[in-house]
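Under this note's numbering, the final residue of the sequence shown carries the number 438; numbering is consecutive throughout.
Beta carbons: idealized from backbone N, C-alpha and C, even for Gly.
In what follows, a single structure is set out as structure tokens and then discussed.
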Amino acid sequence: MATILGIESSCDETSAAICIDGEMQSNSIANQLVHQNFGGVVPELASRAHQQNIIPVVQQALSVAKVHKNAIDAVAFTRGPGLLGSLLVGTSFAKAFALANNIPLIEVNHMQAHILAHFIEDPKPKFPFLCLTVSGGHTQIVLVRDYFDMEVVGQTTDDAAGEAFDKTAKILNLPYPGGPLVDKYAKQGNHLAYKFPEPQIPGLDFSFSGLKTSILYFIRDNVAANPDFIESNLADICASVQHRIITILLNKLAKAAKQFGIKEIAIAGGVSANSGLRDMLAQTAEQYSWNIYVPRFEYCTDNAAMIAIAGYYKFLKKDFVGQDVAPLARMIM
Ligand code: KG4
Ligand code: ZN
């Protein structure tokens, strides 16, 4: 029997989860609304909120799972990548918890964990598979050979896909984080209303900064001619921008699938919650006979269940770290 406590605190979500023998028993998340007034995550406020939230969130995860803290066999935590002050809170908590309960400590890479979220529930992808990991900080195509044998084969050269959504929302005067709102308005809009350029980046890499600039100029010029342009056309603008972001992502994913001869295709990270991306992935899968894997919504955005499941697979290998471990703002796979 292995009971794992997972801790996630890399950005603005404080989360704790309990996993018993690979089965998730709880996944508690405290969101930080404090950042909404600032149009983005304020690192200092994030770490303060993590400090306030971490103990109640862990208590909630234990109580939902009906597990006593003495029954935990190991504690897994996000070591990086992320905001250093935020990571420090989760790391310090995990180290103290492991020391006090005399149990092993397991470090987890946040980006690997987004991918391993596919192993929380069935159906699970078969190795090797390709995973498009799209979040607020990352846009990667990863060749996953085994649980911890992952290679980034394509990535963004500037903004992440989530940033493209959030910056679009900001230009449209929508509150942070704008990704889910763009998704919501896009559902009522026509994605062919406006055409935005597709960047010409070689290989499997991505670029979103040119798109951001073209949206900025497009809105500036149209608002100059008609001050109500955004309000009158919000749904069509959101649908058109979202469609371009999705086609950029899926065209590269299709290129990677062809290049590696792989038909097991997964998506992960906060942007994989996007309904347009999910729909178009399903259509693309039909076209190329892919088997696709999309995690449940709560396992797409930042959560500790993905840290606990990654911790479980490391526990099986006895892959532990010492009390001298420190968080890493930049952590490669
Ligand atoms: O993985 P995540 O929760 O945190 C990071 O590790 O970054 O991803 C957050 C990102 C944000 O940019 C947010 O706007 C975006 O995911 N996001 C969405 C949707 N839900 C979250 N973007 C588009 N459509 C959504 N439904
Ligand atoms: Zn994330």
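Worksheet item: What three-state label does DSSP hand Ala477 in the structure shown?
Response: Outside the shown range of the chain (106 to 438) lies residue 477, about which nothing can therefore be said.
Fill in: For Gly375, the nearest candidate out of Pro148, Ser152, Gly267 and Leu277 (CA to CA)
Gly267
Practice prompt. Please find out if some non-hydrogen atom of the ligand KG4 comes closer than 7 Å to the beta-carbon of Val287.
Written response: yes
Worksheet item: Between Asn207 and Lys174, is the Cβ-Cβ spacing less than 8 Å?
Response: Annotated as distal: Asn207 and Lys174, with beta-carbon spacing of 8 Å or more.
Item to complete: Please classify Phe425: does DSSP put it in a helix, a strand, or coil?
Response: coil
Worksheet item: Going by the C-beta, is Val376 closer than 7 Å to any heavy atom of the ligand KG4?
Response: It does: the Cβ of Val376 is within 7 Å (strictly closer) of some heavy atom of the ligand KG4.
Worksheet entry | Chain-order list of residues whose beta-carbon lies under 6 Å from that of Gly315 (same chain, five-residue window excluded) | Pro304
Practice prompt. Excluding the 5 residues preceding and the 5 following Ile177 in the sequence, name in chain order all residues of the same chain whose CB lies nearer than 7 Å to its CB.
Written response: Thr108, Leu110, Asn206 and Ile208
Worksheet entry | Spatial neighbours of Val328 in its chain, beta-carbon cut-off 6 Å, leaving aside the 5 residues before and after | Phe334
Worksheet item: Based on Cα-Cα distance, which residue from His223, Val426, Leu237 and Ser133 lies nearest to Ile123?
Response: Ser133
Practice prompt. Take Ser319 as the anchor and find which of Pro282, Gln388, Ala378 and Pro302 has the nearest alpha-carbon.
Written response: Its Cα nearest to that of Ser319, the residue Pro302 stands out among Pro282, Gln388, Ala378 and Pro302.
Worksheet item: If we ignore side chains and look at the alpha-carbon of each, how far apart do Ala70 and Asp288 end up?
Response: Here the chain covers residues 106 to 438 and nothing more, so residue 70 does not appear.
Worksheet item: Would you report the Cα separation of Gln217 and Met255, rounded to the nearest angstrom?
Response: 8 Å
Practice prompt. Tell me whether Leu279 is buried or exposed, calling it buried when 16 or more other Cβ atoms sit within 10 Å of its Cβ.
Written response: buried
Worksheet item: Does the ligand KG4 have a heavy atom nearer than 7 Å to the CB of Thr406?
Response: yes
Item to complete: Would you check if the distance between the CB atom of Val346 and the CB atom of Leu210 is smaller than 8 Å?
Response: The beta carbons of Val346 and Leu210 sit no closer together than 8 Å.
Worksheet item: Helix, strand or coil for Gly283 per DSSP?
Response: coil
Item to complete: Return yes when the C-beta of Asn379 is under 7 Å from any heavy atom of the ligand KG4, and no when it is not.
Response: yes
Item to complete: For Cys236, verify whether its CB is less than 7 Å away from any heavy atom of the ligand KG4.
Response: No - the ligand KG4 has no heavy atom lying nearer than 7 Å to the Cβ of Cys236.
Worksheet item: Among Ala135, Gly144, Leu150 and Tyr299, which residue has its Cα nearest to the Cα of Asn158?
Response: Ala135
Worksheet item: Whose CA, out of Asn295, Pro233, Ile306 and Leu277, lies closest to the CA of Pro332?
Response: Leu277
Worksheet item: So, is Asn379 buried or exposed, given that buried needs 16 or more other C-beta atoms within 10 angstroms?
Response: The residue in question, Asn379, is buried, as its Cβ has 16 or more Cβ neighbours within 10 Å.
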